[in-house]
Each structure stands twice: as C-alpha cells, then as structure tokens.
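Going by my numbering, the residue at position 79 of the sequence shown is 79; the numbering climbs one at a time, nothing skipped. Note that beta-carbon positions come from the ideal geometry of N, C-alpha and C, so glycine has one too. Keep in mind the model is a prediction, meaning the values are calculated, not measured.
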Amino acid sequence: MLGHSAGAHITALLCASDDHMARVGATRGLIRAAVGMSGPYDFLDWIPTDERMQAAFGDSSRWPQTQPVLTADGLNPPMLLLHGERDDLCTPLHAPALRDAIVQRGGEAQFKWYPKLNHFNILGAFSRFRRWIEPRVVQDVKAFLETHRSSAAKRDATDGITPEIAT
Numbered sequence: 001m002l003g004h005s006a007g008a009h010i011t012a013l014l015c016a017s018d019d020h021m022a023r024v025g026a027t028r029g030l031i032r033a034a035v036g037m038s039g040p041y042d043f044l045d046w047i048p049t050d051e052r053m054q055a056a057f058g059d060s061s062r063w064p065q066t067q068p069v070l071t072a073d074g075l076n077p078p079m080l081l082l083h084g085e086r087d088d089l090c091t092p093l094h095a096p097a098l099r100d101a102i103v104q105r106g107g108e109a110q111f112k113w114y115p116k117l118n119h120f121n122i123l124g125a126f127s128r129f130r131r132w133i134e135p136r137v138v139q140d141v142k143a144f145l146e147t148h149r150s151s152a153a154k155r156d157a158t159d160g161i162t163p164e165i166a167t
C-alpha cells in the first residue's frame with residue numbers, strides 16, 4: 001500500500017491499529033508493507049485552530065484516534081516513511097515522529113529524507129519525466145517493497161497470494 005499526503009495519513013491509520021480496518025470487515029494483516037509519502041501523522045494541535053479540520057474530523061473526543069502517531073501499536077506491517085525536506089505544506093517532522101512511535105512500540109518502520117524535494121515533487125519522482133529530480137525515491141520504494149514482498153511470500157505461502165510490484 002502506498003499513499004501520498006492525505007493518502008499517507010489514511011495508509012498510516014489503516015496500518016496503525018485494527019480499528020479502522022475492522023469497520024470494513026478486514027484486518028491490517030491484508031497489508032504486507034506500506035509506504036507513506038509526505039504524510040501528516042501528528043496534527044492534533046492543528047485541529048482546534050482550523051474550522052475545516054474540525055468539520056472533517058468531527059467530535060473532538062475522537063480526534064486522538066485520527067492521529068497515527070498516537071494510535072500506532074507496533075503491530076503494524078513494515079512501513080517506509082518518505083518526506084521531502086523542503087515540504088512547506090506538511091511538516092517533515094511528522095514522519096520521524098511516526099517512525100519513532102512505531103519502533104518504540106516494537107514495530108518496524110524506516111524513514112528517509114530527500115533534501116531537494118517538497119510536498120509535490122516527491123510524488124512526481126514516480127513519473128519517468130521527473131524521476132531525474134530524485135531517482136532515489138523510486139529506488140528506495142522498490143527496494144523496500146521487494147524486501148517485504150519476499151518475506152510476505154514466505155510468510156503467506158499457503159494463501160495463494162503473490163504480491164506484485166509494477167515499475
């Protein structure tokens with residue numbers, strides 16, 4: 001699973017605890033590995049100051065459940081968190097905070113910085129026309145997913161599912 005920006009937030013929520021997947025009758029065990037790019041993972045302080053966020057996240061008693069950094073329990077699938085150092089839309093400090101929360105609770109997470117990238121061109125690095133900006137993004141994601149595809153295939157050899165990576 002891979003998500004960018006709000007998609008990275010959703011990806012992290014689905015990986016961080018079973019509650020969100022249970023709402024659709026699934027478990028996070030379906031996710032073999034996940035990549036979050038430029039995601040907001042720890043923005044609880046922003047919600048009270050922004051009416052749009054209050055409307056989006058509803059009842060204030062549930063706000064902590066919207067924060068992957070707070071809901072991560074260490075039982076998540078392996079995660080790779082990527083962030084451009086020049087991101088001025090979503091602070092790059094969110095990704096290492098989530099990595100630390102996951103690792104402190106016994107889970108597996110990695111974090112990678114990209115000094116030349118911002119919120120948008122980190123995603124553009126997947127385009128063959130923009131890959132030259134920072135080719136390591138695709139290389140890092142592919143290596144991470146290949147590593148975890150191999151371990152997932154061994155772990156799940158009896159379920160008939162073989163994860164695929166398109167490049």
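Bridge-paired residues (DSSP) for residue i
| i | result |
| --- | --- |
| Gly36 | Gly3 and Leu81 |
| Tyr114 | Gly84 |
Pick from the options that is closest to residue i, judged by C-alpha positions
| i | options | result |
| --- | --- | --- |
| Pro40 | Gly29, Asp18, Ala12 and Leu30 | Ala12 |
| Asp45 | His94, Glu146 and Phe129 | His94 |
| Leu117 | Arg136, Phe129 and Gln104 | Arg136 |
| Ala72 | Glu134, Phe120, Gln104 and His119 | Gln104 |
| Ser38 | Ile133, Arg131, Ile10 and Gly106 | Ile10 |
Simplified DSSP assignment, three categories, for residue i
| i | result |
| --- | --- |
| Ala109 | strand |
| Asn76 | coil |
| Trp63 | helix |
| Phe144 | helix |
| Val24 | coil |
| Leu70 | helix |
| Ile31 | coil |
Whole-angstrom distance between residue j and residue i, CA atom to CA atom
| i | j | result |
| --- | --- | --- |
| Leu75 | Asp18 | 9 angstroms |
| Phe144 | Leu80 | 7 angstroms |
| Arg99 | His148 | 17 angstroms |
| Ala101 | Arg62 | 19 angstroms |
| Ala214 | Gln67 | Here the chain comprises residues numbered 1 to 167, so residue 214 is not present and cannot be evaluated. |
| Pro77 | Arg52 | 31 angstroms |
| Leu30 | Leu82 | 22 angstroms |
Integer Cβ distance of residue i from residue j, believed to fall under 8 angstroms
| i | j | result |
| --- | --- | --- |
| Pro48 | Glu85 | That pair is no contact at about 28 angstroms. |
| Val35 | Leu2 | 4 angstroms |
Residue i at chain C interface by Cβ criterion, 7 angstroms
| i | result |
| --- | --- |
| Ala6 | Annotation note: the requested chain C is absent from the structure, which comprises a single protein chain. |
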